[in-house]
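Novice: My questions all concern the structure below.
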Amino acid sequence: MDRQKVLNMKLQMKSDGVKLACIKCGEIPTNIDKHLKEVHDVKTSADWLKNIRVVRDEGGRSFRYSVVLPNKNASHIK
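One point on numbering: in my numbering, the residue at position 61 of the sequence shown is 63, and numbering is uninterrupted.
So this is what it looks like as structure tokens:
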């Protein structure tokens, strides 16, 4: 996934009111980008997607799910 698609995804998540958590340590930082770069040395957009978890709080209940992207080299994608 290219950088522009990741940026668009981040903007959509912000507008949807979701919080992003770090998969590596479970923290929900106020700035996930800064946290991943400084704490875990995550630099690329693909690595960013692999290291976040979306946390949505609706009516006092938290829904957690991971962002999962198919491997573009997988045989069933071709």
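Even glycine gets a Cβ: it sits at the ideal position worked out from N, Cα and C.
Can you tell me whether V10 is buried or exposed, with buried defined as 16 or more other CB within 10 angstroms of its CB?
Specialist: Position 8 of the sequence shown, counting from 1, holds the residue named residue 10. Strictly speaking, residue 10 in this sequence is Asn, with Val absent from that position. Burial state of N10 is exposed, judged by a 10 Å Cβ sphere holding fewer than 16 other Cβ atoms.
Novice: Where do the N-terminal and C-terminal ends of the beta strand (DSSP E) with K21 fall, by residue?
Specialist: On the sequence shown, residue 21 is found 19 positions in, with the first residue counted as 1. Per DSSP, K21 belongs to the beta strand (DSSP E) from K21 to C24.
Novice: So, helix, strand or coil for V8, using DSSP?
Specialist: As a working mapping, residue 8 is identified with position 6 in the sequence shown. If DSSP states are grouped into helix, strand and coil, V8 belongs with the helices.
Novice: Under 8 Å between the Cβ atoms of C24 and L13?
Specialist: Walking along the sequence shown from the start, residue 24 turns up at place 22. Walking along the sequence shown from the start, residue 13 turns up at place 11. Going by C-beta atoms, C24 is not nearer than 8 Å to L13.
Novice: Are the CB atoms of V44 and N33 nearer to each other than 8 Å?
Specialist: What you label residue 44 is simply residue 42 of the sequence shown in a count that begins at 1. What you label residue 33 is simply residue 31 of the sequence shown in a count that begins at 1. No.
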